[in-house]
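In what follows, a structure is listed as structure tokens, so that the remarks can point back to it.
Protein chains: 2
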Amino acid sequence: MPKAIVLLSGGLDSAVTLALSVSHGNETVALSFRYGQRHARELDSAKDIAKHYDTEHFIVDIDLSAFRSSLIGNTGKVEKDRENIGGDIPPTYVPARNIIMMSIAAGLCESEGADRIYIGANSVDYSGYPDCREEFFMSFGEMLRKGTKAGAEGHPIRIETPILNMSKSEIIGLGKRMNVPMHLTWSCYSGGKKACGRCDSCILRLKGFRDAGYRDEAEYE
Amino acid sequence: MPKAIVLLSGGLDSAVTLALSVSHGNETVALSFRYGQRHARELDSAKDIAKHYDTEHFIVDIDLSAFRSSLIGNTGKVEKDRENIGGDIPPTYVPARNIIMMSIAAGLCESEGADRIYIGANSVDYSGYPDCREEFFMSFGEMLRKGTKAGAEGHPIRIETPILNMSKSEIIGLGKRMNVPMHLTWSCYSGGKKACGRCDSCILRLKGFRDAGYRDEAEYE
Numbered sequence: 001m002p003k004a005i006v007l008l009s010g011g012l013d014s015a016v017t018l019a020l021s022v023s024h025g026n027e028t029v030a031l032s033f034r035y036g037q038r039h040a041r042e043l044d045s046a047k048d049i050a051k052h053y054d055t056e057h058f059i060v061d062i063d064l065s066a067f068r069s070s071l072i073g074n075t076g077k078v079e080k081d082r083e084n085i086g087g088d089i090p091p092t093y094v095p096a097r098n099i100i101m102m103s104i105a106a107g108l109c110e111s112e113g114a115d116r117i118y119i120g121a122n123s124v125d126y127s128g129y130p131d132c133r134e135e136f137f138m139s140f141g142e143m144l145r146k147g148t149k150a151g152a153e154g155h156p157i158r159i160e161t162p163i164l165n166m167s168k169s170e171i172i173g174l175g176k177r178m179n180v181p182m183h184l185t186w187s188c189y190s191g192g193k194k195a196c197g198r199c200d201s202c203i204l205r206l207k208g209f210r211d212a213g214y215r216d217e218a219e220y221e
Numbered sequence: 222m223p224k225a226i227v228l229l230s231g232g233l234d235s236a237v238t239l240a241l242s243v244s245h246g247n248e249t250v251a252l253s254f255r256y257g258q259r260h261a262r263e264l265d266s267a268k269d270i271a272k273h274y275d276t277e278h279f280i281v282d283i284d285l286s287a288f289r290s291s292l293i294g295n296t297g298k299v300e301k302d303r304e305n306i307g308g309d310i311p312p313t314y315v316p317a318r319n320i321i322m323m324s325i326a327a328g329l330c331e332s333e334g335a336d337r338i339y340i341g342a343n344s345v346d347y348s349g350y351p352d353c354r355e356e357f358f359m360s361f362g363e364m365l366r367k368g369t370k371a372g373a374e375g376h377p378i379r380i381e382t383p384i385l386n387m388s389k390s391e392i393i394g395l396g397k398r399m400n401v402p403m404h405l406t407w408s409c410y411s412g413g414k415k416a417c418g419r420c421d422s423c424i425l426r427l428k429g430f431r432d433a434g435y436r437d438e439a440e441y442e
């Protein structure tokens, strides 16, 4: 039975990706990150989704506050930075984020004996992001072929991007057909008990549900 | 003035690599990791070396204990794992370690506006490690060219491995000629006030100094 590490943020895309890994017949392990998000709401969703699918779930702590502090020119004053973040820089912004997360997933592959990484990256909604393009993922796979024990031994870690070229409504339609518990996923930038329904991410999600012809059962304010 | 991120463990190789970055005319920023090492001695050395060269120094916290716990079959019981580690698995072992550290360095490049990463990897002492081979570093650079903003904009992040093909005695000879404060570096696996002089790492270091014709001014028990 192949074994997959699935990057699980707690959002809609990664939940559908996890469901796809399970449906592809992989023994599936979820991997999430606690990297100084302003709120833990998305991570709570990740836990609920992993529980729903009864998959093992690793949460890795990585403190990248130093990065953000350097971005806003306040190096070394991390506590203060946290208050000052706002405006142009979203609190979850991390440069080279997919690269870092996939690298850690590769490490977990090696220690768990998994042979593939699933990531719910999407080149439609994030067309401007170099780390969401197909040629990047191919290049990352090639790098792992050269730089890991598994690759050196002739069975390289595969990178699976099953929703890369789907629109939001296609992802939602697929998720609904697969009975993904969409109400457990979290897309909102805020960390309230209910989604705000007004931020860019909520708007993109609600439009996706409308276009797909489904009702979003997540709770909104 | 070019700007470089140098991976600085606090060991001899990374100290020489940092000195090379400075001598190459780069504005140099050091990057170290706190990833659950059994002792902080090496990190203290990293701080001393960064201070000696008056470089900015970022220390990133990353908790990869989940990896190790899975390695020794004790998933989820991290506290217990820490006690159980020993024998075959060195406390500092992290699968895909260079990949993870270089990925985080790439993120720091993006946020700091640096255009190159220096890493003191060595393919002579670590010939069996796929992530210490030249073809891996080339492939990693190619991946960054595809997956980062800098790469997409036509000025990709460069990977510099200046001591990759040197023997330990060559590295030591070079370091001595460059006045690297070798006495500040830490190679010993133990975390005492003085190096043990008996572990594999101490033995490799002491042989290197002998072969290079220098006295190691680090303190030994």
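As they're listed, the protein sequences go chains Z and L. Here the first sequence is numbered in this note's numbering, starting from 1 and rising by one per residue. Here the second sequence is numbered in this note's numbering, starting from 222 and rising by one per residue. Ideal Cβ placement from N, Cα and C applies to all residues, glycine included.
Reduced DSSP category for A335 of chain L - H, G, I as helix; E, B as strand; rest coil = As a first step, residue 335 of chain L must be located in the second sequence, where it is residue number 114. In this structure, A335 of chain L counts as coil in the three-state DSSP scheme.
Nearest chain L C-beta to S32 of chain Z closer than 8 Å, yes or no?
-> Start at 1 with the first residue of the first sequence, and residue 32 of chain Z comes out as number 32. So, not an interface residue.
For R158 of chain Z, the three-state DSSP class (helix, strand or coil) = Here the question's residue 158 of chain Z lines up with position 158 in the first sequence. Looking at R158 of chain Z - three-state DSSP - the assignment turns out to be strand.
Residue burial classification, R133 of chain Z (beta-carbon count within 10 angstroms, cutoff 16) | Translated into the one-based positions of the first sequence, residue 133 of chain Z becomes position 133. The residue in question, R133 of chain Z, is buried, as its Cβ has 16 or more Cβ neighbours within 10 Å.
Quick one: is K51 of chain Z buried, meaning 16 or more other Cβ sit within 10 Å of its Cβ, or exposed?
-> Numbered from its first residue, the first sequence carries residue 51 of chain Z at position 51. K51 of chain Z should be labelled exposed.
Considering T28 of chain Z, what are the terminal residues of the alpha helix (DSSP H) in which it resides?
-> For the purposes of this step, residue 28 of chain Z is identified with residue 28 of the first sequence, where counting begins at 1. From DSSP, T28 of chain Z is part of no alpha helix (DSSP H) but of the beta strand (DSSP E) over 27 to 34.
Pair every Cβ in the stretch 380 to 397 of chain L with every Cβ in the stretch 226 to 238 of chain L, then say whether three or more of these pairs are closer than 8 Å.
-> yes
Give me the Cα-Cα distance between K415 of chain L and P402 of chain L, rounded to the nearest whole angstrom.
-> On the second sequence, position 194 is the one that residue 415 of chain L refers to. On the second sequence, position 181 is the one that residue 402 of chain L refers to. Each residue's alpha carbon lies about 16 Å from the other.
Candidates L:N343, L:A439, L:A373, L:P351, of which the one nearest E135 of chain Z by Cα | Counted from its first residue, the first sequence places residue 135 of chain Z at position 135. Minimum Cα distance to E135 of chain Z is reached at L:A373.
Looking only at C-alpha atoms, which of Z:M101, Z:R116, Z:K207 sits nearest to I59 of chain Z?
-> Within the first sequence, the letter at position 59 stands for residue 59 of chain Z. Closest by alpha carbon: Z:M101.
What's the call for R337 of chain L, buried or exposed, on a 16-neighbour Cβ count within 10 Å?
-> Within the second sequence, residue 337 of chain L is the residue found at index 116, counting from 1. R337 of chain L is buried by the Cβ-count criterion.
Interface residues of chain L facing I100 of chain Z [CB-CB closer than 9 Å] | Taking the first residue of the first sequence as position 1, residue 100 of chain Z is located at position 100. Within 9 Å Cβ-Cβ: I321, S324, I325, A327, G328.
Using a Cβ cut-off of 8 Å, which residues of the stretch 369 to 381 of chain L contact any Cβ in chain Z, in chain order?
-> T369, K370, G372, A373
Option in L:S266, L:T369, L:L285 with minimal Cα separation from T406 of chain L = Translated into the one-based positions of the second sequence, residue 406 of chain L becomes position 185. For T406 of chain L, the nearest C-alpha among the options comes from L:S266.
On the DSSP bridge assignment, give the partners of A4 of chain Z in chain order.
-> The count along the first sequence starts at 1 and reaches residue 4 of chain Z at position 4. For A4 of chain Z, which the question treats as bridged, DSSP gives the partners Z:T28, Z:R116.
Are the Cβ atoms of I62 of chain Z and Y35 of chain Z separated by less than 8 Å?
-> Looking up residue 62 of chain Z in the first sequence gives position 62. Looking up residue 35 of chain Z in the first sequence gives position 35. Going by C-beta atoms, I62 of chain Z is nearer than 8 Å to Y35 of chain Z.
When DSSP labels each residue in this structure, what does V281 of chain L get in the three-state scheme?
-> Residue 281 of chain L sits at position 60 when you count from the first residue of the second sequence. V281 of chain L falls in the strand class under three-state DSSP.
Selected residue, minimal CA-CA separation from P95 of chain Z, among L:N247, L:M399, L:A335 | By one-based count along the first sequence, residue 95 of chain Z stands at place 95. When only C-alpha atoms are compared, the closest one is L:A335.
Please decide whether S360 of chain L counts as near chain Z, where near means a Cβ-Cβ distance under 8 Å.
-> Translated into the one-based positions of the second sequence, residue 360 of chain L becomes position 139. It does: the Cβ of S360 of chain L has a partner Cβ on chain Z nearer than 8 Å.
Note the first and the last residue of the continuous alpha helix (DSSP H) segment covering D216 of chain Z.
-> Residue 216 of chain Z sits at position 216 when you count from the first residue of the first sequence. Counting along the chain, D216 of chain Z falls outside any alpha helix (DSSP H), and DSSP gives it neither H nor E.
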